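In the working numbering, the protein residues as written are 39 to 321.
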């Protein structure tokens, strides 16, 4: 790669970050949820067709960003990329496939350029109410916490899934606000997709595959360079928290090596019977 090509790809990478930041800001401007509007409890990003995240918005929370990064792959296993069409929007709040609890909705939207699927946009947001006991640790099962949405299409080919929205409104104390939030999440993905199409036209690109390769290779190289500056070895620590039934211990041992960092949580307290456990998506 020439120096000029490297510069051009860095410019496009920065533009991609601007695209997803506008995606996030669109959600903040249109969301009904005060947690989104006032606290930025959201994430927004763009993914390749393998479900790998290329860029994420600066606006958002780290917990959402990391779990959303894993969740898009689950969407693709349910709805492979070749089955998607313009105007589709997929949604879930499955805590094990999405972002940890039922109040967090994740929406995935395909982006098309010149009739060809080129990327996926995804976001996660904390909505106002999904029924059940509400927020808090009181529930003894996920079914007590509210409406459980598997991975489904809330919009198909641009048309709302009427059955989905009937179930959604029936399962919440605030049907207007929750439905409005779903529309907001879909709209912000569409805003990102429009900006991506404009970017591809501006740079005369057919897709983002070459840029994705540059992003992944550069990110991995830079990460390993920084890890190499750390002292190798194993470092362990633990803290205690109040828990619910009894105090809980959180333990972690970090092993630093030349090829990466691993974290072992052995020694951490077992599962609680209340809603304070952490799903693998947060690990």
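For each residue, glycine too, the CB sits at the ideal point set by N, CA and C. Everything numeric in this text was worked out from a predicted model, so none of it was measured.
Counted within 10 angstroms of its Cβ, other Cβ atoms place residue i as buried (16 or more) or exposed
i: residue 246; result: buried
i: residue 105; result: buried
i: residue 303; result: exposed
i: residue 234; result: buried
i: residue 58; result: buried
i: residue 45; result: exposed
i: residue 54; result: buried
i: residue 228; result: buried
i: residue 42; result: exposed
i: residue 204; result: exposed
i: residue 163; result: buried
i: residue 222; result: buried
i: residue 89; result: buried
Of the listed residues the options, nearest to residue i (C-alpha basis)
i: residue 95; options: 40, 232, 208, 159; result: 159
i: residue 180; options: 316, 42, 320; result: 316
i: residue 133; options: 184, 155, 154; result: 184
i: residue 291; options: 320, 276, 86, 297; result: 276
i: residue 64; options: 73, 224, 119; result: 224
i: residue 81; options: 136, 124, 116; result: 136
i: residue 195; options: 289, 278, 124; result: 124
i: residue 282; options: 88, 222, 309; result: 309
i: residue 169; options: 120, 209, 230; result: 209
i: residue 287; options: 258, 307, 163; result: 307
i: residue 178; options: 314, 131, 319; result: 314
i: residue 101; options: 49, 87, 161; result: 161
For residue j and residue i, believed in contact at Cβ under 8 Å, the rounded distance
i: residue 98; j: residue 69; result: Contact flag wrong, Cβ pair sits at about 13 Å.
i: residue 305; j: residue 289; result: 3 Å
i: residue 213; j: residue 207; result: 4 Å
Beta-carbon gap between residue i and residue j smaller than 8 Å
i: residue 312; j: residue 176; result: yes
i: residue 122; j: residue 155; result: yes
i: residue 51; j: residue 238; result: no
i: residue 191; j: residue 127; result: yes
i: residue 165; j: residue 216; result: yes
i: residue 91; j: residue 78; result: no
i: residue 298; j: residue 265; result: yes
i: residue 189; j: residue 116; result: yes
i: residue 143; j: residue 220; result: yes
i: residue 110; j: residue 150; result: no
i: residue 231; j: residue 147; result: yes
i: residue 167; j: residue 211; result: yes
i: residue 295; j: residue 269; result: no
i: residue 319; j: residue 174; result: no
i: residue 259; j: residue 293; result: no
Host alpha helix (DSSP H) of residue i (start-end)
i: residue 217; result: 213–240
i: residue 64; result: 41–68
i: residue 148; result: Premise fails: residue 148 lies in the beta strand (DSSP E), 142–151, not in any alpha helix (DSSP H).
i: residue 258; result: 247–266
i: residue 208; result: 200–208
i: residue 115; result: 100–116
Beta strand (DSSP E) segment containing residue i, residue limits
i: residue 315; result: Element bounds for residue 315: n/a, residue is neither H nor E.
i: residue 164; result: 154–164
i: residue 291; result: 286–295
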